[in-house]
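Using the working numbering, read the sequence shown as starting at 127 and increasing by one per residue.
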Amino acid sequence: MSLTARDSGGGSFTPVAPGMHLARCYRIVDLGTQKTEYQGQVKHLQKVMIQFEVHGEDDNGNPLVTSKGEPMSISKNFTLSLAEKATLRKDLQAWRGRDFTADELRGFELKNVLGAWAMITAAKSVGGNGKEYTNIVSINPVPVAIKKAGLPEGFNKPGIFVISEPDMELFGTFSDYLKEKIQGSPEWRSGNQAPASKPGSTGSGFDDMDDDIPF
C-alpha cells in the first residue's frame with residue numbers, strides 16, 4: 127500500500143540554521159494516527175513526516191553539515207490530507223508552484239516528491255514544553271538561476287516507510303523517538319504491518335510533466 131493524500135473535504139544534534147536553504151526531499155515516513163491537541167481540543171489524525179537534507183552554508187559561511195561531514199536534515203510533520211485548508215496541500219502547491227488539478231486531488235502519491243529539490247525556510251520557535259526548535263515554515267520551488275548553475279548531488283538514498291508494508295531495514299535507521307512514535311500508533315499496534323520488508327518506490331510518476339514543476 128502506498129501513501130496517498132486526498133482531499134477528504136530524540137537525541138542531541140545541531141539544528142539547521144534559521145533562514146532559506148536549498149534542500150532535497152529524501153525520506154517520507156508514515157507516522158500512523160497520532161494524538162494532537164490544540165487549544166484544548168484533542169484530535170486523532172493520520173500523520174506523515176517529510177524529511178529534507180540541507181545543502182549550502184550558514185550566515186558565517188560554514189557548510190551546513192553534521193559532525194560527520196554529512197548534510198544536515200530537517201523534517202516537517204503533516205496531517206495526511208489534501209483538504210482545502212490542509213497544510214500539506216498548501217505546502218505542496220507552493221513547492222510545485224501551481225495548484226493541484228481536480229484529478230490530482232482525488233489521490234496524490236507522496237512518493238512523487240522523493241528526490242525533489244526545494245527552497246525551504248527554517249525558523250526558530252518555542253514549543254509548549256519550553257524548548258526551542260527549528261521548524262520548516264515554508265517550502266518553495268528552486269529558482270531557475272540556481273537550477274542553471276547546477277544542483278549538488280544528493281547524499282541520502284530516497285526512501286519511503288509505510289506502516290502497512292514496512293521496510294524494516296529503513297525502520298532500523300530511525301531514531302528511538304521516531305520508532306516509539308510509529309509503534310505507538312494504532313495502525314502499528316493492530317498488527318496490520320506486513321512481516322516482510324518492502325522498499326519504497328522512488329519513481330516520480332510525473333516524468334512527462336514540464337521540467338519546471340518539481341513533481
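Where is the CB? At the ideal position from N, CA and C, for every residue including glycine.
Can you give the Cα-Cα distance for residue i and residue j, rounded to whole angstroms?
i, j, result
"Glu365", "Ser207", "Because the chain spans 127 through 341 in this model, residue 365 falls outside it and cannot be assessed."
"Ser290", "Ala149", "28 angstroms"
"Val239", "Ser316", "29 angstroms"
"Leu236", "Tyr259", "25 angstroms"
"Phe178", "Arg153", "7 angstroms"
"Lys161", "Ala275", "44 angstroms"
"Gln359", "Lys307", "This structure gives no information on residue 359, because the portion of the chain shown stretches from 127 to 341."
"Met245", "Arg224", "15 angstroms"
"Glu163", "Ser301", "23 angstroms"
"Ile176", "Ile272", "23 angstroms"
"Lys257", "Lys250", "10 angstroms"
"Thr299", "Val155", "12 angstroms"
"Val263", "Gln219", "14 angstroms"
"Arg232", "Ser201", "25 angstroms"
"Leu214", "Trp221", "10 angstroms"
"Gly247", "Asp185", "According to the sequence shown, residue 247 is Thr rather than Gly. Their backbone Cα atoms lie some 14 angstroms apart in a straight line."
"Pro144", "Asn261", "9 angstroms"
For residue i, which of helix, strand or coil comes out of DSSP?
i, result
"Phe226", "coil"
"Val155", "strand"
"Ile289", "coil"
"Gln165", "coil"
"Glu196", "coil"
"Lys211", "coil"
"Leu171", "strand"
"Glu279", "coil"
"Asn238", "helix"
"Ile308", "helix"
"Val180", "strand"
"Val142", "coil"
So, at 6 angstroms on beta carbons, what are the nonlocal neighbours of residue i in its own chain, with the 5 sequence-adjacent residues on each side left out?
i, result
"Pro312", "Thr159"
"Leu296", "Gly285 and Phe287"
"Asn282", "Tyr152 and Glu179"
"Val268", "Trp243 and Met245"
"Lys169", "Thr162"
"Pro93", "Lying before the first or after the last residue shown, residue 93 is absent from the chain, which here runs from 127 to 341."
"Asn203", "Lys173 and Met175"
"Ala320", "Caution is warranted here: a pLDDT of 44 is assigned to Ala320, below 50, making its placement in the model unreliable, and the coordinate value is therefore given only provisionally. Closer than 6 angstroms at the Cβ level, and outside the excluded window around Ala320, lie Glu291."
To which residues does DSSP link residue i through a beta bridge?
i, result
"Val252", "Glu258"
"Ala244", "Ala149"
"Ser264", "Thr247"
"Met294", "DSSP lists no partner for Met294."
"Ser316", "Its beta-bridge partners do not exist; DSSP assigns none."
"Lys202", "Ile176"
"Val270", "In the DSSP output, where bridge partners are listed per residue, Val270 has none listed."
"Gln160", "Leu171"
"Pro189", "Glu183"
Counting only the same chain and skipping the five closest in sequence on each side, list residues whose C-beta sits under 7 angstroms from that of residue i.
i, result
"Asp217", "Ile265"
"Ala212", "Thr205"
"Val191", "Pro197 and Met198"
Starting from the C-beta of residue i, find all residues in its chain whose C-beta is less than 8 angstroms away, skip the five residues before and the five after it, and write them out in chain order.
i, result
"Gly253", "Tyr259"
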